[in-house]
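Q: Just so you know, the numbering used here puts the end of the sequence shown at 177, numbered straight through with nothing missing.
Here a beta-carbon is modelled for each residue, glycine too, at the ideal position from N, C-alpha and C.
As the structure is a prediction and not an experimental result, all values here were calculated from the model.
For reference, the structure I am asking about is given below.
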Amino acid sequence: GWRGLAGQGGQGVLEAVVERFGALALAHQAPGAINIEASFLAASARATPGAVPDTMAWLGPCIGPTAFEVGAEVRAAFCDVSAAAQACFTPRAGMPGKYLCDLAGLARLRLQALGITSIYGNDSSAAWCTVTNASRFFSHRRDSGTLGSSGRFAACIWRD
18 GWRGLAGQGG QGVLEAVVER FGALALAHQA PGAINIEASF LAASARATPG AVPDTMAWLG
78 PCIGPTAFEV GAEVRAAFCD VSAAAQACFT PRAGMPGKYL CDLAGLARLR LQALGITSIY
138 GNDSSAAWCT VTNASRFFSH RRDSGTLGSS GRFAACIWRD
């Protein structure tokens, strides 16, 4: 069968490896409100509805839920689609209209809404955060001043 590893392709980017009926698709997307909602994964699931039970996704590292601040409009865009998304936003103390956002959590919710339940990789823990885990990941927000604006990880996919 197919095997794969995926990593961060740039600041705030999630990658998902999807295996379906022996054919492999790699979805690489920035996890903004528009991108998760109109993602490759959603389009793929709609195009082949019978394949969803056989779909597996792997979420790579991204900016974590203690580091990614968003405004009320981003929160509203997700929460208007799914009430469950409220759990992925934590209000910033003393900063009205600002929230910390769990991108991997939002991606998991979206995948689950599509019927995809085999989800691996980023579990929203600190180990997956590109900003707070400097020993493992480049972060544009953290490192661009000293290391330049480029930091990329490879995605490796192979067949056994």
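Check each candidate in A74, P78, T72 and A151 and name the one with the smallest Cα separation from D119.
A: Cα-wise, what sits closest to D119 is P78.
Q: Roughly how far, in whole angstroms, is the beta-carbon of A13 from the beta-carbon of S141, given that I think they are within contact range, below 8 Å?
A: This structure gives no information on residue 13, because the portion of the chain shown stretches from 18 to 177.
Q: Do you know whose CA, among A151, F95, L164 and T163, lies nearest I80's CA?
A: Measuring from the Cα of I80, the nearest candidate turns out to be A151.
Q: Using a Cβ-Cβ cut-off of 6 Å (strictly less than) and excluding sequence neighbours within five positions of I136, which residues of its own chain qualify?
A: For I136, where only same-chain residues beyond five positions count, the Cβ hits under 6 Å are A74, R125 and L128.
Q: What is the residue span of the alpha helix (DSSP H) that V87 lies within?
A: Segment E86 to G88 is the beta strand (DSSP E) holding V87; no alpha helix (DSSP H) there.
Q: Kindly indicate which residue of A102, L76 and A84 has the alpha-carbon position closest to the one of S156.
A: Looking at the Cα atoms, A84 is the closest of the given residues.
Q: I need the DSSP call for F106, collapsed to helix, strand or coil.
A: Residue state, collapsed to three classes: strand.
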